[in-house]
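Engineer:
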Amino acid sequence: MTTQTNDFARALNSGRLVVTAECLPPRGSDAAYIADFSDRLPSNLDAVVVADNPDTIRSSSISAASLLKRQGRNNVIMAMTTRDRNRIALMSDALGAAALDISAILCVAGNHQSISICPQAAAANDLDSVQFIHALKDMILHGAGLGGNKLSSKPELLVGALAQPYLRPMELNLLHVRKKISAGADFLLTQAVFDIEGFELWLEAVREAGLDKRVAIIPCVMPIADLNKARDLQRIGTYGPIPDAVIARVEKAPDAAEEGIAIASEIAVKLKAMPGVRGIHILNAELASLVAAVIKRAGIDPGGDA
Amino acid sequence: MIVASPKSITELKDIISAHKNVLFVGCGTCVSVCLAGGEREVGIASYAVRMARKLDRNPVEISQITIERQCDNEFLKELAEPISKVEAVVSFACGAGVQAIAERFPEKPVYAALNTEFLGVLEEQAIWNEKCLGCGNCVLAQFGGICPVTRCAKRLLNGPCGGSTEDHCEVNPDRPCAWQLIYKRLKSIGQLDRLEEIVMPKDWSTAWYSGPRKIVRKEHQV
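As you go down the protein sequences, you meet chains A and B in turn. My numbering applies: residue 209 is where the first sequence begins, and numbers increase by one. My numbering applies: residue 4 is where the second sequence begins, and numbers increase by one.
#1: Can you tell me the Cα-Cα spacing of residue 433 of chain A and residue 469 of chain A, whole angstroms?
#2: Could you list which residues in chain B have their beta carbon closer than 7 Å to that of residue 368 of chain A, in chain order?
#3: Less than 8 Å between CB atoms is the rule here; does residue 323 of chain A satisfy it with respect to chain B?
#4: Pull out every residue of the region 353-378 of chain A whose Cβ sits closer than 8 Å to any Cβ of chain B, in chain order.
#5: Between the region 133-163 of chain B and chain A, which residues of the former have a C-beta closer than 7 Å to a C-beta of the latter?
#6: Just to confirm before moving on: does the CB-CB distance between residue 4 of chain B and residue 30 of chain B stay below 8 Å?
#7: Below 8 Å on the Cβ atoms is my contact criterion, and I expect residue 285 of chain A with residue 368 of chain A to pass it. Report the Cβ-Cβ distance as a whole number of Å.
#8: I'd like to check one pair, residue 98 of chain B with residue 115 of chain B: are the Cβ atoms closer than 8 Å?
#9: Indicate whether residue 305 of chain A and residue 270 of chain A have their beta-carbon atoms separated by less than 8 Å.
#10: At 9 Å on the CB atoms, spell out the chain A contacts of residue 215 of chain B, in chain order.
#11: I'd like to know if residue 257 of chain A contacts chain B, where contact means its C-beta is closer than 8 Å to some C-beta of that chain.
#12: Confirm, please, whether the CB-CB distance from residue 26 of chain B to residue 86 of chain B is below 8 Å.
#13: Please list the segments of the alpha helix (DSSP H) lying wholly inside the region 450-497 of chain A, counting only runs of 4 or more residues, in order along the chain.
#14: How would you call residue 426 of chain A, buried or exposed, if buried means at least 16 neighbouring beta carbons within 10 angstroms?
#15: What is the rounded straight-line gap between the Cα of residue 69 of chain B and the Cα of residue 207 of chain B?
#16: If you reduce the DSSP assignment to three classes, tell me which class residue 378 of chain A lands in.
#17: Run through DSSP, which three-state label would residue 286 of chain A get?
#18: State yes or no: is the beta carbon of residue 334 of chain A nearer than 8 Å to at least one beta carbon in chain B?
#19: Per DSSP, which one or two residues make a beta bridge with residue 114 of chain B?
#20: Does the separation of the CB atoms of residue 315 of chain A and residue 276 of chain A fall below 8 Å?
#21: Under three-state DSSP, which class holds residue 29 of chain B?
#22: Quick check on residue 167 of chain B - is its C-beta less than 8 Å from some C-beta in chain A?
#23: Take the Cβ of residue 40 of chain B as the centre, count every other Cβ of all protein chains shown within 10 Å, and call the residue buried at 16 or more, exposed below.
#24: Is the region 400-411 of chain A in contact with the region 434-453 of chain A, if contact means three or more CB pairs nearer than 8 Å?
#25: Let me see if you follow: with CB-CB separation under 8 Å, is residue 384 of chain A close to chain B or not?
#26: Got a sec: which bits of the region 387-408 of chain A sit with their beta carbon under 7 Å from any beta carbon on chain D, in order along the chain?
#27: Span of the beta strand (DSSP E) holding residue 361 of chain A?
#28: Is residue 397 of chain A helix, strand or coil by DSSP?
#29: Taking any Cβ of chain B, which residues in the region 221-245 of chain A have a Cβ under 9 Å from it, in chain order?
#30: Within the 8 Å Cβ cut-off, does residue 555 of chain A reach chain B?
#31: State the CB to CB distance for the pair residue 155 of chain A and residue 503 of chain A, rounded to an integer number of angstroms; the pair is presumed to be in contact (CB under 8 Å).
#32: Measure from the alpha carbon of residue 299 of chain A to the alpha carbon of each residue in A/252, A/261, A/359, A/219, then state which is nearest.
#33: Can you check which of these residues, B/67, B/192, B/175, is closest to residue 50 of chain B by C-alpha distance?
#34: Tell me the residue span of the beta strand (DSSP E) that contains residue 134 of chain B.
#35: Give the secondary structure of residue 119 of chain B by DSSP, where H, G and I count as helix, E and B as strand, and everything else as coil.
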């Protein structure tokens with residue numbers, strides 16, 4: 209369970225549904241883009257989660273997170289891939305993030321560089337996400353850095369990780385979730401949920417194992433705004449599996465974006481009702497307006513001030 | 004074994020385009036077994052390059068020899084005489100063999116005819132798979148004899164990524180997910196509890212990251 213006392217930790221422990229949204233940094237060096245994106249997001253989100261090169265090379269997550277703070281966002285969560293940083297860079301950037309008053313680090317392995325990002329690149333893969341979670345927690349709780357160095361101060365950060373509801377067999381899935389929790393994850397963001405039955409099966413197994421009591425589970429919804437992009441995401445699996453039926457429903461609809469919002473909102477409503485769900489994270493493919501649209505339609509008004 | 008694959012005849016022809024008299028040297032060990040650089044392959048490549056150069060109106064004389072192992076000084080001795088008669092050498096060994104010849108014959112240009120690929124096994128006729136990265140600190144005992152360092156595309160040591168399916172790896176649909184294999188294997192040998200433990204960060208100092216490695220085994224020195 210959460211060990212820190214920042215506002216995001218308080219929100220996770222508040223008992224109400226936490227609502228967060230994704231921020232994809234720009235593909236260029238345009239600082240105004242972040243300011244504009246932030247202004248278009250609802251002001252009462254519990255946190256904004258900055259992605260770390262999930263699909264292509266974008267501006268750095270630490271820079272975008274810092275710009276969001278400058279924009280007055282209270283809780284900013286910064287994703288960091290173990291793909292692009294060795295343990296030296298992971299520790300160093302995490303300390304830097306804490307100095308910038310970033311609330312949490314989302315520890316991810318990252319999509320493989322060969323899938324649409326940069327196939328020629330060598331990946332760091334020095335630590336994996338579980339080792340990164342564990343190392344961060346060691347820094348936060350004990351002021352201990354990797355390689356035995358003592359830190360001059362303990363960073364105040366929450367630690368997030370990803371969960372993969374559709375990974376089977378379930379036994380392997382739960383082993384992995386348990387490991388992330390034991391390593392020190394305070395919250396788990398999931399892949400995008402479309403197949404609600406598959407998600408429910410997983411959540412039931414998680415609840416049965418008592419894991420929802422040990423970690424805050426925040427499933428993701430993804431309003432599809434662009435059918436071509438959705439087909440790409442279905443093919444490369446950046447945010448998890450997208451069933452053909454979802455693509456077909458958007459395809460048949462007179463207004464694809466509206467249908468995408470409708471689908472994501474229906475899913476958010478169902479997720480909200482499930483015991484063990486502590487929040488909803490809204491992906492948005494750079495379209496900030498989708499976040500407010502889903503919140504309104506699903507009736508999941510956040511109570512934060514991020 | 005070390006698995007290699009041949010460079011194309013066009014590339015090979017271009018690499019030696021400035022030379023008129025070249026020795027093609029095969030290696031009788033790993034690369035013979037993986038059908039890339041043995042006597043047979045050297046013969047075929049010599050013929051093909053000779054023909055290609057003829058068509059380019061730039062004929063070349065190619066002689067051939069295949070020795071037991073190019074990575075072993077003992078066998079390299081046999082090359083002294085044939086190498087003295089040519090302008091350049093094309094080695095059909097792995098990268099280690101090519102460099103062994105270059106060191107042994109400092110006055111001769113030496114070129115590689117193969118792309119050295121990996122440490123692997125022959126899975127079925129004409130199909131080789133990579134199994135070992137040579138990290139210098141074997142962890143196979145923990146993972147039921149399946150190496151996640153080599154066989155997981157993200158080198159994950161604590162479980163599968165979000166792209167894992169029971170059928171394949173997200174990076175390549177022709178490849179099984181190493182973590183699904185590890186899970187099945189540990190389950191079948193009754194060691195699934197190994198997956199409960201967090202595997203701590205690997206010490207990569209035994210791998211290539213500290214630079215090229217050297218082994219001295221004092222007990223075997225004379």
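We put the CB at the ideal spot given by N, CA and C, even for glycine. Note that the structure is a prediction, hence the values are computed from the model and not measured.
Structural biologist: Based on what the coordinates show:
#1: 8 Å
#2: Here the premise fails: no neighbours, minimum Cβ distance about 14 Å.
#3: yes
#4: 354, 370, 372, 375, 376, 377
#5: 156, 157, 158, 159, 160, 161, 162, 163
#6: no
#7: 6 Å
#8: yes
#9: yes
#10: Result: empty, since nearest Cβ-Cβ is about 18 Å, beyond 9 Å.
#11: no
#12: yes
#13: 452-460, 464-480
#14: buried
#15: 37 Å
#16: helix
#17: strand
#18: yes
#19: B/93
#20: no
#21: strand
#22: yes
#23: buried
#24: yes
#25: yes
#26: As a matter of chain content, chain D is missing from the structure shown, whose protein chains are A and B.
#27: That residue, residue 361 of chain A, is in no beta strand (DSSP E); it is neither H nor E in DSSP.
#28: strand
#29: none
#30: An answer regarding residue 555 of chain A cannot be provided, because it is not within the stretch 209 to 514 covered by chain A.
#31: Because chain A is modelled from 209 through 514, residue 155 of chain A falls outside the range shown and cannot be assessed.
#32: A/359
#33: B/67
#34: 130-135
#35: strand
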